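Here the sequence shown is numbered in this note's numbering, starting from 4 and rising by one per residue.
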Amino acid sequence: MKTFIINDFYVQSLLALLLILFIIPSSTRDFAIAVYFLIAVNHLISANRKMFSGTYKKSILFRIYYTISMLFIIVLFSLAASDGIDMIDRFWNNCGRRVMDFAIWGTPILALIYYLICVNDYRKQLKK
C-alpha cells in the first residue's frame, strides 16, 4: 500500500497540473475535458482501492469523500440505466437533475479534497 499511496500522489499531482495547464488557454477546452475525465476515473479506481484495502487507515475526511463521490457515481449509473423507463425517468428528471447540478459544482471541490487526502497520506508515508 505504501508504493500505491506514493504513486497515487504523483499521479494526482500530474493530473492536477495538466488540468491547470489545459484550462488556462481556452483553445484546449477539449483536452481539459479529457483530463477532467481521467481525474474522475483515477479517483474512482484509487478511492475504491483505498476503501477496500485492509491496510489503509481510513480517515473521517476520506470516508466523507468516498460516500459523497460514490453517491454521485450511483446517481450517474441510475440516470443512464433509467433512460427508457418513463416513470423512473420522471423521478430522475426532478431528483437526479438536482443531484447532477450539485455534482457539477461539487466535483472540483471533491477533487481538491481527494488531492489533500493524497498529500496527507503521502506525508505520512514519508515519515515512516
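By construction, the Cβ of each residue, glycine as well, lies at the ideal position given by its N, Cα and C atoms.
Note that the coordinates shown come from a computational prediction; the quantities given were computed from them, not determined experimentally.
- Distance from the CA of Ile42 to the CA of Gln128, rounded to the nearest whole angstrom, comes to 22 Å.
- The distance from the Cβ of Cys121 to that of Phe7 is about 11 Å, inconsistent with a contact at the 8 Å cut-off.
- In the three-state reduction of the DSSP assignment, Lys130 falls in the helix class.
- In this structure Ser62 does not touch Leu113 by the C-beta definition: roughly 15 Å separates them, more than the 8 Å allowed.
- Between Met4 and Thr58 a beta carbon distance of about 5 Å is seen, short of the 8 Å cut, so the two are scored as contacting.
- In the structure shown, Ser62 adopts coil according to DSSP, grouped into three states.
- For Leu21, same chain residues with a beta-carbon under 6 Å away, outside a window of 5 residues either side, are Val38 in chain order.
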